[in-house]
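Remarks on the structure that follows.
In my numbering, the protein residues as written are 2 to 85.
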């Protein structure tokens with residue numbers, strides 16, 4: 002419907018390490034958060050790439066498959082290729 006918010010799931014296919022982010026829970030405990038299993042309106046890599054178990058480098062090419070649930074069915078709607 003027009004004006005309806007759309008939610009997407011982003012899965013990094015070129016560097017699976019980018020599907021997990023090192024972060025902290027509310028009590029300050031170190032945790033690993035999965036980034037590829039939920040839906041969101043936007044996605045961006047963590048600033049500086051320090052949250053990942055892979056070093057992000059200028060010129061690195063990353064590929065994400067983008068999924069959306071349409072009428073309750075998950076559909077691949079796009080592939081995004083970005084050069085850092």
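Ideal placement from N, C-alpha and C gives every residue a C-beta, glycine not left out.
For clarity, every value in this text was computed on a predicted model and none was experimentally measured.
Discussion item. Please report the straight-line C-alpha distance between residue 57 and residue 64, rounded to a whole angstrom.
Written reply: Counted from its first residue, the chain shown places residue 57 at position 56. Counted from its first residue, the chain shown places residue 64 at position 63. Whole-angstrom Cα-Cα distance: 13 Å.
Worksheet item: What are the start and end residues of the beta strand (DSSP E) that includes residue 35?
Response: Numbered from its first residue, the chain shown carries residue 35 at position 34. 31-35 is the span of the beta strand (DSSP E), which, as asked, contains residue 35.
Worksheet entry | Same chain, Cβ closer than 8 Å to residue 76, neighbours up to 5 away in sequence not counted | Indexing the chain shown from 1 puts residue 76 at position 75. Closer than 8 Å at the Cβ level, and outside the excluded window around residue 76, lie 68, 69 and 70.
Worksheet item: Is it true that the CB of residue 44 sits closer than 7 Å to the CB of residue 11?
Response: Taking the first residue of the chain shown as position 1, residue 11 is located at position 10. Taking the first residue of the chain shown as position 1, residue 44 is located at position 43. Yes; because the gap between Cβ atoms is below 7 Å, this pair is in contact.
Worksheet item: residue 13 to residue 81, Cα distance in whole Å?
Response: As a working mapping, residue 13 is identified with position 12 in the chain shown. As a working mapping, residue 81 is identified with position 80 in the chain shown. Spanning the two alpha carbons is a distance of roughly 9 Å.
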